[in-house]
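Note sheet for the following structure.
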Amino acid sequence: MGDLLAPANTFEVLLGNEAIARGALEAGLNVAAAYPGTPSTEIGESLSKIAKKLGIYFEWSANEKVATEVAMGAAWSGLRSLTMMKHVGFNVATDAIFTLSYAGVAGAMVIVSADDPHAHSSQNEQDNRYYSEAVGLPMLEPSNPQEAKDLTKEAFDISDKFKIPVLIRTTTRISHQRAPVKLGEITAGPGKGKFAPKEPDRYLQVGAIARKHHGELLRKLKEIQMDVSPRFYRIEGSTSSDFGILTSGVAYSHAKEAVKLVNLDAKILKLTMTYPLPEKVIGDFLSSVKTVLVVEELDPYLELRAKAIAKDYAPDVEILGKLTGHMPRVGEYTMRTVLEGLSKATGIALPIDFAKIDERSSKILSKVPPRPPVLCPACPHRSAGYALRRAAGRASFMGDIGCYALLFQKPFRVEQVSHAMGSSIGIGNGISLATGGDVVALIGDSTFFHAGIPALINAVHNKRKMVVMIMDNRITAMTGHQPHPGSDFDAMGERAPAIDIEDVVRAIGVDYVKVIDPYNHAEMEKTIREALKRDGVSVIISRRECALLTVGKLRREGRMGKPYVVDPEKCTYCRVCINTFACPAFVDTGSIVEIDPTVCFGCGACTQVCPYDAIVPQEGSLNWREQKIGV
Amino acid sequence: MSVSVKEFNVIVSGVGGQGILFTTNVIARAALKLGLNFAQSEVHGLSQRYGSIRTELRIGKDVSSPLILEGTLDLLISLEPLEGLRQAPYISERTTVVMNDHIIPPVGAYLERFPIPSFEEVLDLMKSLNPKSIITLSAYDLAEKAGDYIAANTVMLGAAEASRALPFPEGVLREALVEVSPARYRDLNLKAFDLGREAVSLPR
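Chains as they are written, first to last, in the working numbering: chain A, 452 to 1082; chain B, 65 to 268.
Now the structure itself:
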């Protein structure tokens, strides 16, 4: 949305993620690689749009580990590189990153971890600040989009100076916050690297060499702690107060305003480099106050470290936070969380009667039906889920990470497991082994390339009995339609060799491979039944592009079809359509089912579901299956 | 144009796919044109797939938190009535409510046998929160009139401008809409915006 190439010294509205991308451009970025994942995706999305123009390189890699290695290789060749991932993506990349800190870089490299407190779009609320300490890489934490841009640039400079990758840690409310950002000069451009290690063992981490580099890493980190970390903090508020707030990231932005709102006499220490911590800065702060409230989302990372520092600097200071029950550890923070914490810590009155608001609004909210995310109208996964429910009702259903995870919901309920990338097939291996029963594993096309292939190889080699359905919607859909190795174009918009899923599966040794259009319900059901009867691993590729892509194309070409309608003469109000297919366009009027024309995309898949053929096209409606639209 | 705003909080709510983010981006662009500070929180990823969506926009020199505090909402633009009501904790005497009248029933409610309130019931519940004012309109009908129902979000923007709740001089929002609109939707959006504005300005 924001113009990533807007001129220097102007203000542009940038998403936190776009600000990170801009910061990298201002720092002279040459190469970036990533795997999409909320809330990190838009860093790559925005680079993908301008990479060609600036002559830099960007790719959507097969997974986060590969992306990290691409960026490492570029940085080892003297270039400036960037990789970014969601918090759980970092888990995938850590195998490379733990040793990367020993190896260091020849150019400069920045790694972004976008954490998701509240698990808005994730399977957990892991706190990646621990990783900085565990892998031994410095970490910067922005508290708004402006800082996100500025710190990304700083991170490259630190990386260049100490020849060590630098981590930037954001959270959802930084990555997905849009705000005016003052811009600097873009210096990014093409870079020709040279792989010429200064020492012959620089990139050989084994035994004695690894121990040598470990020691070197610790010396670098000590130097950063003494010379760099003390540059990245701010003390604000009443300097004479004996009540302190220790905070960082978006929690700081909430705390700053909350303190003002209640006119609290408080001194705020805002930390920006959260590893290595500026020990003396924190120690002096702790010894200047009687009580400190630590305001940080998720784990008591700063709180525990403040306690350790207090032992030497201020043994009598009272440190309040999560461990003392003043602040919550689950979910994300808002100003309210901070106000309630401040109230508990200092006894100040809350500026708003939250209890009254809660009481009044809970009465209202009890009458508002919940609206969790559901599969879009025309989504091919709905049809696949419908067929699975009918044909494989008694199987154990393994799900994976992607939109199809929503098939855990009624009326489909064909996902009993949703865990980590590629886990559907992996866990399916174990459940098949343990139970000997029917196992169906659902996995998306992008997820299959990311982490599904080794698990499928494992299943074949170890003679498991399993049906794997690859939900091939031709794109990485959930994160907003990024290409993957199966696409025939890449992140730079160039044509690229598409890796054929069918070929991969056959090469692994699966001899039962069927490619089915999920809109063909009868064919899909028949195939599932057939596959379940077989021994060994059977693969069904449910292939139809993401409906949002199809709709986008139809709209651009001006040939979007008219919505379908229900013939009131034929509708018996049996509600089979709602109870088995549950398209969000269905409206139950109390005497008939209708189709909301503002929601229906006009795909026509639901016509197969009605036992009375009451769902009919209008003049100008399309039939995507019959007209081969989207396949 | 010099405008000073201390704090002005906007929520745009609706169902994923209704163009909520675009709507908020136009207001943010207007704030940028006026040199105002702001912070906008939005939703990306799985959570936007036809589920409840809310973007929050906080404008003003005192703003640093990107999230609105309960009871401090100044303007609610809701593209869908149930999603408007879902913002109950934020609504207070200082809130102007601009609400589309078209209910999109959550399909899960049918499966859970959760009763879906009628628009009249939504309106009564909304009134019980004592907002400063409530403006309702048939945004989809007006958008159809403008040329395509997908412009219902810009109809709502026009209505929001006519409500005079926004702390912007007249005309800035429309200029921002021109800047943010993709070229192929610009005319449609402007037509929809004007129809929304007229629907609220004209005596009814």
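Built from N, CA and C at the ideal position, the CB exists for glycine as well.
Residue of the options minimising C-alpha distance to residue i
i          : options                                           : result
Glu463(A)  : Ala484(A), Arg629(A), Thr785(A) and Arg624(A)     : Arg629(A)
Ala1036(A) : Ile167(B), Lys209(B), Val74(B) and Ser105(B)      : Ile167(B)
Met434(A)  : Tyr726(A), Ala892(A) and Gly488(A)                : Because residue 434(A) is not part of the residues shown, which for chain A are 452 to 1082, the question remains open.
Asn924(A)  : Asn880(A), Pro936(A) and Lys671(A)                : Pro936(A)
Thr775(A)  : Thr785(A), Ala570(A), Cys1028(A) and Gly792(A)    : Gly792(A)
Lys600(A)  : Asp611(A), Pro568(A), Ile808(A) and Glu636(A)     : Glu636(A)
Ile852(A)  : Tyr837(A), Ala842(A) and Ser874(A)                : Ser874(A)
Gly172(B)  : Ala1065(A), Lys1013(A), Gln1059(A) and Thr1031(A) : Thr1031(A)
Ala842(A)  : Asp962(A), Asn971(A), Gly1071(A) and Lys977(A)    : Lys977(A)
Ile686(A)  : Arg670(A), Ala706(A), Met677(A) and Gly844(A)     : Ala706(A)
Ala522(A)  : Glu493(A), Val561(A) and Asn542(A)                : Val561(A)
Arg1006(A) : Arg248(B), Ser128(B), Leu133(B) and Gly99(B)      : Arg248(B)
Thr788(A)  : Gly1003(A), Thr603(A) and His777(A)               : His777(A)
Val990(A)  : Pro641(A), Tyr784(A), Asp1039(A) and Ile908(A)    : Ile908(A)
Pro231(B)  : Gly115(B), Val90(B) and Gly124(B)                 : Gly124(B)
With 16 other Cβ atoms within 10 Å as the buried cut-off, status of residue i
i          : result
Gln577(A)  : buried
Tyr581(A)  : exposed
Ala484(A)  : buried
Asp896(A)  : buried
Val563(A)  : buried
Gln1069(A) : exposed
Ser583(A)  : buried
Ala459(A)  : exposed
Cys1061(A) : buried
Ser993(A)  : buried
Leu655(A)  : exposed
Val913(A)  : Checking the displayed sequence, the identity of residue 913(A) turns out to be Asn instead of Val. Exposed, since its Cβ has fewer than 16 Cβ neighbours within 10 Å.
Ala806(A)  : exposed
Thr1023(A) : exposed
Pro1033(A) : Here residue 1033(A) turns out to be Ala, not Pro, going by the sequence shown. Counting Cβ neighbours within 10 Å, Ala1033(A) comes out buried, since at least 16 surround it.
Gln1078(A) : exposed
Ala800(A)  : exposed
Ser883(A)  : buried
Bounding residues of the alpha helix (DSSP H) (the contiguous stretch that carries residue i)
i         : result
Asp527(A) : Residue identity check: residue 527(A) is Trp in the sequence provided, not Asp. Unbroken alpha helix (DSSP H) run through Trp527(A): Glu515 to Trp527.
Asn468(A) : Gly467 to Glu477
Gly99(B)  : No alpha helix (DSSP H) holds Gly99(B); DSSP gives it neither H nor E.
Glu674(A) : Gly658 to Glu674
Ser116(B) : Where Ser116(B) is concerned, there is no enclosing alpha helix (DSSP H), although the beta strand (DSSP E) it sits in stretches over Ser116 to Ile123.
Leu907(A) : Ile904 to His912
Leu753(A) : Tyr752 to Tyr764
Glu147(B) : Pro145 to Leu149
Ser265(B) : Arg250 to Ser265
Bridge-paired residues (DSSP) for residue i
i         : result
Arg685(A) : Lys721(A)
Asp608(A) : In the DSSP output, where bridge partners are listed per residue, Asp608(A) has none listed.
Ser583(A) : In DSSP, Ser583(A) forms no bridge with anything.
Tyr963(A) : Ser989(A)
Leu801(A) : None; Leu801(A) has no bridge partner.
Ser815(A) : Looking at the sequence provided, one finds Ile at residue 815(A) rather than Ser. Note: Ile815(A) sits in no beta bridge, so no partner.
Phe509(A) : Ala483(A)
Ser699(A) : Leu722(A)
Ala892(A) : Met849(A) and Val919(A)
Leu591(A) : Ile619(A) and Met724(A)
Ile141(B) : Val76(B) and Val162(B)
Val464(A) : Pro631(A)
Ile952(A) : Answer is none; Ile952(A) lacks a bridge partner.
Residue i - containing beta strand (DSSP E), residue span
i         : result
Asn73(B)  : Phe72 to Val79
Gly540(A) : Run containing Gly540(A): none in the beta strand (DSSP E); it sits in the alpha helix (DSSP H), His538 to Ala554.
Ser564(A) : Ala559 to Asp566
Val746(A) : Thr742 to Val746
Ala630(A) : Gln628 to Lys633
Leu456(A) : Careful: Leu456(A) lies outside any beta strand (DSSP E) and carries neither H nor E.
Arg980(A) : Per DSSP, Arg980(A) belongs to no beta strand (DSSP E); it is in the alpha helix (DSSP H), His972 to Lys984.
Leu737(A) : Where Leu737(A) is concerned, there is no enclosing beta strand (DSSP E), although the alpha helix (DSSP H) it sits in stretches over Glu730 to Ser738.
Ser692(A) : Element bounds for Ser692(A): n/a, residue is neither H nor E.
Contacts that residue i makes with chain D (C-beta to C-beta distance below 9 Å)
i         : result
Asn101(B) : The structure shown contains no chain D; its protein chains are A and B.
Pick out the complete alpha helix (DSSP H) segments inside the segment 165 to 224 of chain B, 4 residues or longer, and give them in chain order.
-> Listed in chain order, the complete alpha helix (DSSP H) runs (minimum 4 residues) inside the segment 165 to 224 of chain B are 171 to 176, 183 to 191 and 203 to 210.
Identify every run of the beta strand (DSSP E) within the segment 833 to 889 of chain A, keeping only runs that are complete inside it and at least 3 residues long; order them along the chain.
-> Here the runs fully enclosed are 847 to 849.
Length-filtered (3 minimum) beta strand (DSSP E) runs lying within the segment 1003 to 1056 of chain A = List check, beta strand (DSSP E) in window: 1037 to 1039 and 1044 to 1046.
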